[in-house]
């Protein structure tokens, strides 16, 4: 079942990656890029790697891809037909892809793939791995909050300083900009204040 899910996610990843570079609308291209990241995260989930796919979803899908989508939607991009350009560069693209596949197939030797006869039959239960099972998130959490808690706090402080620095850099202290001076508001004197007279 896991192999079937892995192949399904891999096929969807290849399809979405192909659509990223072939669709004309840039908004659709970014949406297919989000689909690529989600399928890649699904492949890693099938391989029982919990931390990396969660990072993919939070960082790439939740931040970078959505930022790309907002930028593309705000820009005034004229959608033009690129069918002729696509077929014009198709031979050189196919040549580069063929050379890449040839190099990868020669680099990755068949010795990495073990024969099926070397595997034990999958009809037994490993009780040791079932009872003493620690996931990737639990292992990373134990290391992060015990041995490396100082670095975790330093990273939090760096993010806090970056957030405050971004706010300070965007503030405008010009004379024409109205600012709220809390000290002057609290030290207000009723004798020198101006009141609105009502009839």
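Residue numbers (this note's numbering): 125 to 323.
Glycine included, C-beta positions come from ideal geometry on N, C-alpha and C.
Helix, strand or coil at residue i [DSSP, three-state]
i, result
"residue 127", "helix"
"residue 272", "coil"
"residue 174", "coil"
"residue 257", "coil"
"residue 199", "coil"
"residue 213", "coil"
"residue 149", "coil"
Nearest residue (CA-CA) to residue i, options the options
i, options, result
"residue 263", "174, 217, 216", "174"
"residue 142", "157, 132, 130", "157"
Considering only residues of the segment 277-322, which uninterrupted alpha helix (DSSP H) runs meet the minimum length of 4 residues and lie entirely inside it, listed in chain order? 306-310
Could you check whether the segment 216-231 touches the segment 179-191, counting it as contact only if at least three pairs of C-beta atoms, one from each stretch, sit closer than 8 angstroms? no
Would you check if the segment 125-139 and the segment 158-171 touch, i.e. whether three or more CB-CB distances between them fall below 8 angstroms? yes
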